[in-house]
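What follows is a set of notes on a single structure, which appears directly below.
Protein chains: 2
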Amino acid sequence: MNDKDFQELTAGIATIVPADGLIQKLAQAEKEKRPLKIKLGFDPTAPDLHLGHAVVLRKLRQFQNAGHEINIIIGDFTARIGDPTGRNSARPPLTPEQVKINAQTYVNQLAKIMDVSKIKLHFNSSWLEKMNFMEVIKLLAKATLAQMLQRNDFRERYEKNIPVALHELVYPIMQGYDSVVLDADIELGGTDQLFNCMVGKDLQTSFGKNTTQIVISMPILRGTDGVEKMSKSKGNYIALTDTPNEMYGKTMSIPDELLTEWIELATDFPIEEKKHLIESIGTINPMEIKKKVAANIVKIYHGIEEAKNAEIFFYNQVQAKDLNAKEYKNINLSEFNISLNEDIISLLQLLIPEQSKSALRRLIEGGGVALNGQKITNIDLKILELPDNAKLKVGKRGFFNIIKK
Amino acid sequence: MNDKDFQELTAGIATIVPADGLIQKLAQAEKEKRPLKIKLGFDPTAPDLHLGHAVVLRKLRQFQNAGHEINIIIGDFTARIGDPTGRNSARPPLTPEQVKINAQTYVNQLAKIMDVSKIKLHFNSSWLEKMNFMEVIKLLAKATLAQMLQRNDFRERYEKNIPVALHELVYPIMQGYDSVVLDADIELGGTDQLFNCMVGKDLQTSFGKNTTQIVISMPILRGTDGVEKMSKSKGNYIALTDTPNEMYGKTMSIPDELLTEWIELATDFPIEEKKHLIESIGTINPMEIKKKVAANIVKIYHGIEEAKNAEIFFYNQVQAKDLNAKEYKNINLSEFNISLNEDIISLLQLLIPEQSKSALRRLIEGGGVALNGQKITNIDLKILELPDNAKLKVGKRGFFNIIKK
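Chains as they are written, first to last, in numbering that gives the first Met the number 0: chain W, 0 to 404; chain S, 0 to 404.
Structure, rendered in structure tokens:
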């Protein structure tokens, strides 16, 4: 693997434990002439995948492209239990049929990201179900209470006197045991899964495995609200099964603050282009960047043609609609004594003569002037560069339709 | 059950949880015309029973006498696991054959205390062994981490960073589940088992039982060293299988401070007599009280004849040997001008004229004067009351054989 490929493979990763683990594992794979076993756990109670899941899944895809073996563990064993304390009625146990349906739905969605014909699918009930009490005791003996209380939510709940039922301490052990059974080389997950993934690594050690898995954590993608982790329950998500127009429109709605994060995690631009786009934030109109991000995201899941169509749809239906909602005064420039080589400030002074040039400049800089629904950020824009029938909104009350000839 | 019987049944108990539980349970048994199910758990790794175990077992015997059903749970399931962490090599797993032999040894010893033909013996492997992982999860969901950390040793170890392996948290749950399976009315144990017994009560509640067990805790008996809990590993124990002479001799060796505790917990004197004996401590020679305690203990396990023989043996072999080891100066009182109606102090001043009366009084009060090997505590003892050929030891160096005629 050359440097550039390695750089792409590690791009966007939050943590690798241990830090040099991936280099070692890749060297091991090369030496032993075998693919690495990459593990990802999946909870079959939530089969609607979205861009948040895709952050991890697209990293898996990169490993698949590099020739490694993707192993998906369907955590059907716990899903069949539901909430045994009975406190959470929203978590009823799943029947084996439901688990099967959910798993199939999951694979169908995975197909949007990776070659599902090459992945290995495992149901952890196939080994956990058979274990008897004595085997469970021996498994639990491999972990300590202190290890489990390293997990923030356990410790916090214990310290705040919020009940932690004993079986909850067992869940990370089950997930970790999956790594033992699988002999995983790498486990991927979100940073919120780091603890559970580390349990897998520790259990492999306790079970005397020669080599143990490394853990790769991907950052958490915030949802379209710009605040919370993307999730179905928060309604701030873009599903992998969303239509191109939904994907494009939802992406255009994200707050500007999310741009860097989304460019890094949700697009598949090459590293250099990501860097370039991120650097352009603050210098060009954020909506221009969002359009590129939105088009890229649609391209990933629906192809380049659909991305173009979504862009047109968005302009026609959303942006244009917004413009048509106002009454624009037609300004035919041929009727005025102004050169098309002059800049936008000169045009504004023509339209609103009562304002000084510097006041108009400040208005532009403050985002108060929009061209076809997008804020103008380039103060040096020439009249020449305006599209024909450009709709110009100046401040709160000035609506002009600029006709150049 | 009349008041006196109830008083005997509750005598010596450290705690009943809840406080009025026993009254309620006895009323329930009477109303439902059924015996109460009394549970006692037993760890088959330690089959040598001693007087410490007997504190609980003799209380069980009282319940058996009152017509209730004694259920002994042999904790063979955990004994078969050994120490799964491998840290404690002194705790290897027991084979089913060893468990069987240990259980038989246990029953043989129980026969010294209760009617073993009437007890019910259960091996908890018969229900725990069959449980699968899912059933274990559902069982563990019934208890919380906070509950388990109420147990002092878990909390202390956690706080002191001494590892608590997760399976250790499961052991109390298993013991508690035995109460659920058995539908126990009462669980007995030492005060050090109170936590585990309460888990059984709580689990019965979680499993929706109509009535739950009450817990009766017996105090812990300190061993012959007067310091530590009686246990085989400390070497401070009197085994139920000890010979009458061993039992008698070991009891005579206990420090005076243990007398009240041993009268309360190790003898079967009626309540009134125990009270009387305890009140006599400090007024008569402690060795006289010990003799009564020792004879009573031998009587319980070997019968009244053996108790008498043990007393004679002790006098001949131990006490007499001790006396014969010194050279005693013969003092024929007929050669002196002293009345037999005078008290012991006058006699001492005759023997050691260089000491004042008050110094000799202090010597007696400080336990420095012994008659036939026993400290004299009665300062008003008359010479008349001395046995013939009384061996008197005064301070460290005065040895006299008092011949009265």
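Beta carbons are placed, not taken as given, at the ideal position from N, Cα and C, and that holds for glycine. Just so we're clear, the structure is a prediction, and the values are computed from it rather than from any experiment.
Would you decide whether Ala183/S is buried or exposed? Buried here means 16 or more other CB atoms lie within 10 Å of its CB.
Ala183/S comes out buried.
Along chain S, in chain order, which residues have C-beta atoms closer than 8 Å to that of Tyr157/W?
Within chain S, the residues near Tyr157/W are Leu144, Ala145, Leu148.
Could you give the residue range of the alpha helix (DSSP H) that holds Ile330/W?
Here Ile330/W belongs to no alpha helix (DSSP H); instead the beta strand (DSSP E) covers 328-331.
How about the segment 333-348 of chain S and the segment 357-364 of chain S: do they share at least three Cβ pairs that are nearer than 8 Å?
Yes, since at least three Cβ pairs between the segment 333-348 of chain S and the segment 357-364 of chain S fall closer than 8 Å, the two stretches touch.
Tell me the DSSP bridge mates of His301/S?
DSSP output for His301/S lists no bridge partner at all.
Between the Cα of Gln149/S and those of Glu245/S, Phe399/S, Leu187/S, Met197/S, spot the shortest distance and give me the residue it belongs to.
The residue with the shortest Cα to Cα distance from Gln149/S is Met197/S.
Taking 8 Å as the threshold (C-beta atoms), are Ile219/W and Lys228/W in contact?
Closer than 8 Å, so yes.
If the cut-off is 7 Å on Cβ atoms, which residues from the segment 118-145 of chain W count as contacting chain S, listed in chain order?
Listed by position along the chain: Leu127, Glu128, Met130, Asn131, Phe132, Met133, Val135, Ile136, Lys137, Leu139, Ala140, Ala142, Thr143, Leu144, Ala145.
Using only the alpha-carbon positions, how far apart do Leu165/S and Glu287/W sit?
So the alpha carbons of these two residues sit roughly 55 Å apart.
Between which two residues does the alpha helix (DSSP H) carrying Lys249/W extend?
Looking at the DSSP string, the run of the alpha helix (DSSP H) that includes Lys249/W is 243-251.
Tell me which residue opens and which closes the alpha helix (DSSP H) that Lys200/S is part of.
Note, Lys200/S: alpha helix (DSSP H), 193-205.
Name the two residues that bound the continuous alpha helix (DSSP H) containing Ser230/W.
Premise fails: Ser230/W is in no alpha helix (DSSP H) and is neither H nor E.
Among Gly74/S, Leu347/S, Leu35/S, which one has its Cα closest to the Cα of Gln63/S?
If we check each option's Cα against that of Gln63/S, Leu35/S comes out closest.
What span of residues does the beta strand (DSSP E) with His121/W cover, start to end?
Here the beta strand (DSSP E) through His121/W covers 119-122.
Go to Thr14/W, then tell me how far its beta strand (DSSP E) extends in each direction, as first and last residue.
Taken as a continuous stretch (DSSP letters only), the beta strand (DSSP E) holding Thr14/W covers 14-16.
What does the alpha-carbon distance come out to for the pair Gly199/S and Pro46/S?
Each residue's alpha carbon lies about 24 Å from the other.
Does the segment 130-140 of chain S come close enough to the segment 120-131 of chain W to have 3 or more Cβ pairs within less than 8 Å?
These segments touch.
For Thr143/S, which residues does DSSP report across the bridge?
Answer is Ala164/W.
Assuming Ile401/S and Leu332/S make a contact with CB atoms under 8 Å, what is their CB distance in whole Å?
Going by Cβ atoms, the distance from Ile401/S to Leu332/S rounds to 7 Å, so yes, they are a contact pair.
Going along chain S in order, which residues have a C-beta closer than 7 Å to the C-beta of Thr84/W?
Per Cβ cutoff of 7 Å: Ala140.
Going straight from the alpha carbon of Ile253/S to that of Ile296/S, what length do you get?
Roughly 13 Å separates the two Cα atoms.
Per DSSP, which residues does Asn284/S bridge with? Please list them.
Its beta-bridge partners do not exist; DSSP assigns none.
Can you have a look at Lys298/S and say buried or exposed, based on whether 16 or more other CB atoms are within 10 angstroms of its CB?
Label assigned to Lys298/S: buried.
Under three-state DSSP, which class holds His49/W?
Strand at His49/W.
DSSP on Ser216/W, reduced to helix/strand/coil?
Reduced to three states, the DSSP call for Ser216/W is strand.
What residues of chain W sit near Ala164/S, judged by a beta carbon separation below 9 Å?
Result: Leu139, Ala140, Lys141, Ala142, Thr143, Leu144.
What does the Cβ neighbour count give for Phe41/S, buried or exposed, with the cut at 16 atoms within 10 Å?
By the 10 Å Cβ count, Phe41/S comes out buried.
I believe Lys58/W touches Leu187/W by the beta-carbon criterion, under 8 Å. Please report the beta-carbon distance rounded to the nearest angstrom.
Yes, they are in contact, since the Cβ atoms of Lys58/W and Leu187/W sit about 6 Å apart, within 8 Å.
Using the beta-carbon of each residue, which ones in chain W are nearer than 7 Å to Val169/S?
Going along chain W in sequence order, the residues near Val169/S (Cβ under 7 Å) are Ile136, Leu139.
Expressed to the nearest angstrom, what Euclidean distance is found between the alpha-carbon atoms of Leu39/S and Leu120/S?
Cα to Cα, the separation comes out at about 10 Å.
Hey, how far is the Cα of Tyr176/S from the Cα of Gln212/S?
If I take the Cα positions, the gap works out to 12 Å.
So Asn151/S is in the alpha helix (DSSP H); what residue range does that whole segment cover?
Looking at the DSSP string, the run of the alpha helix (DSSP H) that includes Asn151/S is 151-158.
Listing by chain order, which chain S residues have their CB less than 9 Å from the CB of Ile73/W?
Going along chain S, no residue has its Cβ under 9 Å from Ile73/W, so there is no contact; the nearest lies around 16 Å.
Any idea which residues DSSP pairs Asp342/W with across the strands?
In DSSP, Asp342/W forms a bridge with Lys381/W.
Please check if any C-beta of chain W sits within less than 8 Å of the C-beta of Asn195/S.
Closer than 8 Å: no.
Taking Val393/S as part of the alpha helix (DSSP H), name the residues at either end of that continuous run.
First-last for Val393/S: 389-393, but that is the beta strand (DSSP E), not the alpha helix (DSSP H).
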